[in-house]
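Taking it in order: structure first as structure tokens, then the write-up.
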Amino acid sequence: MEASQFKSNQYVKFCPGCGDHAICMALQKAMAEVGVPTHETVVISGIGCSSRMPHYLNTYGFNTIHGRGGAIATGVKTSHPELSVWQMTGDGDCLAIGGNHFIHEIRRNVDLNICLFNNRIYGLTKGQYSPTSPKGFVSKSSPFGTVERPFIPTELVLGARGTFFARTLDVDMPTTVNCMVQAHEHKGASVIECLVNCVIFNNGTHNWIADREMRAEHSIILKHGEKMIFGKEKDKGLALDYSQGLIPQIIVVPADDERVLTHDATMQDPTLHRMLAMMGAEGDTSLPIALGVIRDVAAESYDEAVNQQINEVRDKSKAKTFDQLTATLEQWEI
Amino acid sequence: MQKQHVVVRFCGDSGDGMQLTGTMFSSLSAILGNEISTLPDFPAEIRAPQGTLGGVSGFQVQLGTGVYTPGDQADVIVAMNAAALKVCALGSKFNQKGAQWEEKESMFKRDAVIIVDTDSLSAKDLEKALYQTDNPFTELGIPESVQIIPVALTQLTKEALKDMGMDNKSVLKSRNMFALGLVCWLFNRPVDKAVSFLEGKFQKKPQLIAPNVKVLTDGFNYGQNLAMNIQTMNVEKSHELPKGTYTSIAGNKATAWGLIAAAEKCGKRLFLGSYPITPATDIMHELAARKDMGVMVVQAEDEIAGVCTAIGAAFAGDLAATSTSGPGLSLKGEAIGLAVMAELPLVVIDVQRGGPSTGLPTKTEQTDLMQAIYGRNGECPAVVLAASSSANCFDYAYEAAKIALENMTPVVLLTDTYLANGTGLWRIPQLSELPEIKPQGVLEEHKGQYNPALRDERGVRYWAYPGMDGYEHRNIGLERDAKLGTISTNPENHQQMVLARQAKIDQVANQIPLLQVQGNVDSDTLLIGWGSTEGHLHAAANELGCALAHFNYINPLPTNTEEVLRKYKRLVVCELNSGQFAGYLRSKFEGLHIEQYNEMTAQPFAVDRIVNFVKHSL
């Protein structure tokens, strides 16, 4: 299929320069690559800039209410597992008002592709700090800086026993498309944290990795089965250092060091995935931030299990219709 | 002694099996041809300390002919312990020090018969139930006219089972069967019928049949050999019920089954998104067990997710429902607004309980009426129905699904604790006799140009859902353009859409039955009620010789409502709140003079109190 088939007739109204434009194009490309027809693709969103996305995709779409996209998407996918269901959400929609639905869709492992647009700000309400804004962040609702500790989305996903986590950058189209395609292929709740720039209210928040000059040094694109190599000259690698006490630390070593790790996204144990995903998460720039598919482990999906149980019970049961059901009641003639 | 109807109350400790005993006696009576109406009354605590006043669990049934309610006060009481005796005698004053039997408070009549376990009136038992003296009957001031049958229930049960090799705990648990045997004797129930009923009941646990039958039979024989001057009673068989196959059903189960029938009738899958909440949870339990019918239940992470998963399933083409009680309805308000705005079919069941806030979770009230009609932001009309008996919860759940699917709207169905947990006789219908359900669909000519604002001549939008090729569209909770279905902030368009949403609900009035007046239609006085109070109001209207207009369709109202109301000189709206329906009617029909009878005790009405009010407030 072609990306153009997934383009709706609506004029895209994201601000000029907003990272969401790129994600929108990446989605259209990824959906074309995935190849599920438009009438079997569903895009659910809540409220916020990112939640405008369904309007620009020529699929079945539902732009719902603030925070509840996850629960509505759960209903769509569980009742109709044959559909390819995507959820568009932002750091406010997903991690503040929708936090409960987010952890539970992950815990249940509903087969959804969840694009979490993280611009670390509330854009549509014009500039308040969000649950991912760094501590001390100055915004209209925090004129003296926030005193709150932020969420790091990875920790929530892993804490909820997530089976798929990827991270992408708005300006890196190939990685974004690739992560989306893999999210679709993953059975279960796939979370893609898209680091996007809000050009109006939080311009440059991801610049230390997004900037063309710095990107290669400050980020690493993880690929399953490949060595963890990064840097402009592909001269650096990641390794584990066991010399600092009980807990190993990730360190940067020369690319040809034999200790350089090979990425295994399918490990059930989330320890290393968490360490990788936490690199750079708290403003430490000594390690590169991890992009690409960090975790992709197999587990039964909720929608599949629910439907399977219904089919099993139905197969075994003698009563399958209402009239057969009422016949099983204790009853008498009057 | 021949009786048209009698009221029996089984009362004991939470662990004494009173609900089971009551249910069995009710079913047995129904099988023998009585009408029945039951009301369980259990404590809020899961397991209060044994023998205490807080742990008393009750089950009341009225049986006979012309039975509309579980009855106000009992003719027969079975009291399994000292605490139960006290609670029955003193009613709501049971924990007032020094309180004595009063006719208006007591759960039994002045000429009632009380079967009491004398083995459970020891000094220790009396102390636990906070008696001050060692003579409970005198202390409670139970009138002489009450006939007390003292029975050493515990001892006699032990005696009956001494050769069965059972442990003491199991033996004590069988006391309720001795009591049941006694009650069967008191009502001249053929003991063999009771025995065969027991055998059927314990089919899956055959080891329980012999001991239970033994205790029941011993109880029955004990009654027959009783050297007391007690008149046994014959209760008339029903001569009001239409012929048919009957069962006894609780409101929550009937509600669940109404949805199951509706789904099968229209060939849709039933999806329930719900979160546990008293007293609605049994609907979810019932549907979760009905995977054999293909029902899908998601026990969501919260009330909001309950309704939202249902909205997702509705968007995807299912018959979707959510079940809750008042606090849950508050939480679901915004999402129900989404379903109104997106014009999706959705059944919202609110089993009302005492409020506000956490309120009285196990008690009954009609206080969510305004919330159901208006409790959402913006002008947000939805259809509102109310069931009026445990059995007709089935019909109105079915009707709610039908209206939702045919009119692309949320429908709120109001029931309450009283209907949900109480049981009544239900004539079992065949699916083929139920009305057709024709869910809204799409037009072939819209293929390739469908949008979610397209409406039929009734003003109901067409329903396309994922999987339909050529009908892809984007639905929204934002205001939509009346023609294009896309986001619109145009002022005239908003006004047009507000009116369109209201008109869609208004036209549902053309699909519902006219309001029927019951009782003496030529009277000057019209009692008016809605929802679960129909039985009490019907009985009161009969006693008063006046007319009754009872509403099941709240929004929209039946088209002849105003015509009916203006015919009567005196209108008395009776409801278990401080006047919500009365206010609603006043807002709809100008210049009506409406009197109100309201109770805010979180208890069902008593027929006597309604009758007294109507007689004496003139």
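Protein chains in written order, with the working numbering: chain P, 1 to 334; chain C, 1001 to 1618.
Built from N, CA and C at the ideal position, the CB exists for glycine as well.
On a predicted model such as this, the values are computed, not experimentally measured, just so you know.
Please state whether DSSP places residue i in a helix, a strand or coil.
i          : result
Met1293(C) : helix
Val1235(C) : strand
Trp1101(C) : coil
Ser301(P)  : coil
Trp1257(C) : helix
Leu1063(C) : strand
Arg259(P)  : coil
Leu1032(C) : coil
Ala1152(C) : coil
Tyr122(P)  : strand
Asn311(P)  : helix
Gln1019(C) : helix
Thr1525(C) : strand
Asp264(P)  : coil
Phe62(P)   : strand
Asp1111(C) : strand
Met1274(C) : Residue identity check: residue 1274(C) is Ser in the sequence provided, not Met. Looking at Ser1274(C) - three-state DSSP - the assignment turns out to be strand.
Tyr1568(C) : coil
Asp1117(C) : strand
Gln1147(C) : strand
Thr1038(C) : strand
Arg1501(C) : helix
Ser4(P)    : helix
Gly280(P)  : coil
Thr168(P)  : strand
Phe1137(C) : helix
Gly136(P)  : coil
Asp241(P)  : strand
Find the residues of chain A that neighbour residue i, judging by a C-beta separation of less than 9 Å, and give them in chain order.
i          : result
Met1296(C) : In the structure shown, chain A cannot be found, because the protein chains are P and C.
Report the partner residues of residue i according to the DSSP bridge assignment.
i          : result
Trp332(P)  : Tyr1246(C)
Ile108(P)  : The sequence given here has Arg at residue 108(P), not Ile. Paired residues: none, contrary to the question.
Trp86(P)   : Val43(P), Asn113(P)
Trp1426(C) : Thr1247(C)
Arg1480(C) : Ile1487(C)
Glu1575(C) : Asn1598(C)
Thr1324(C) : Asp1350(C)
Asn1475(C) : Phe62(P)
Trp1530(C) : Phe1551(C)
Cys1308(C) : Answer by DSSP bridge pairing: none, since Cys1308(C) is not bridged.
Ser142(P)  : Ser139(P)
My guess is that residue i and residue j are in contact by the Cβ rule of under 8 Å, so how many angstroms apart are they, rounded?
i          : j          : result
Ala265(P)  : Ile294(P)  : 7 Å
Ala1316(C) : Pro1466(C) : 6 Å
Val1340(C) : Arg1501(C) : 7 Å
Met228(P)  : Ile220(P)  : 6 Å
Gly1181(C) : Phe1220(C) : 4 Å
Asp1350(C) : Ser1388(C) : The Cβ separation is near 15 Å, so there is no contact.
Thr168(P)  : Ile192(P)  : 6 Å
Thr1157(C) : Val1215(C) : 6 Å
Pro1139(C) : Tyr1131(C) : The amino acid at residue 1139(C) is misidentified as Pro; the sequence shows Glu. Yes, Glu1139(C) and Tyr1131(C) are in contact; Cβ-Cβ is about 6 Å, under 8 Å.
If contact means a Cβ-Cβ distance below 7 Å, which residues of the segment 75-88 of chain P contact chain C?
Gly75, Val76, Thr78, Ser79, His80, Leu83
Looking at chain C, which residues of the segment 1-29 of chain P have a Cβ within less than 8 Å of any of its Cβ atoms?
Ser8, Gln10
Any residues in the segment 93-117 of chain P with a beta carbon nearer than 7 Å to a beta carbon of chain C? Which ones, in chain order?
Asn100, His101, His104
Just to confirm the assignment: which complete alpha helix (DSSP H) runs, minimum length 4, are found wholly within the segment 1338-1389 of chain C?
1369-1374
Compile a chain-ordered list of the residues in the segment 1082-1101 of chain C whose CB is closer than 8 Å to at least one CB of chain P.
none
Anything in the segment 1470-1498 of chain C with a Cβ closer than 8 Å to a Cβ of chain P? List those residues in chain order, please.
Gly1470, Tyr1471, Glu1472, His1473, Arg1474, Asn1475, Ile1476, Gly1477, Leu1478, Thr1486, Ile1487
Just by C-beta distance, which residues in the segment 1450-1466 of chain C are closer than 9 Å to chain P?
Ala1464, Tyr1465, Pro1466
Kindly provide the ranges of any alpha helix (DSSP H) runs that are 4 or more residues long and lie completely inside the segment 1196-1237 of chain C, ordered along the chain.
1209-1224
Short-range partners of chain C found in the segment 47-77 of chain P, where Cβ spacing is below 7 Å
Pro54, His55, Asn58, Thr59, Tyr60, Gly61, Phe62, Asn63, Thr64, Ile65, Arg68, Ala71, Ile72, Ala73, Thr74, Gly75, Val76
Cβ-based contacts, 7 Å cut-off: residues of the segment 1426-1445 of chain C near chain P:
Ile1428, Gln1430, Leu1431
Taking the runs of the alpha helix (DSSP H) that are 4 residues or longer, which of them lie wholly in the segment 188-219 of chain P?
207-210, 212-218
Give, in chain order, every unbroken run of the beta strand (DSSP E) that is at least 3 residues long and sits entirely within the segment 1402-1462 of chain C.
1410-1416, 1423-1427
For the segment 123-142 of chain P, which residues have a beta carbon sitting closer than 8 Å to at least one beta carbon of chain C?
none
Contact set between the segment 1330-1341 of chain C and chain P, restricted to residues whose Cβ is under 7 Å from the partner:
Glu1334, Ala1335, Leu1338
Closer than 8 Å between beta carbons: that is the criterion. Which residues of the segment 1381-1395 of chain C meet it against chain P?
none
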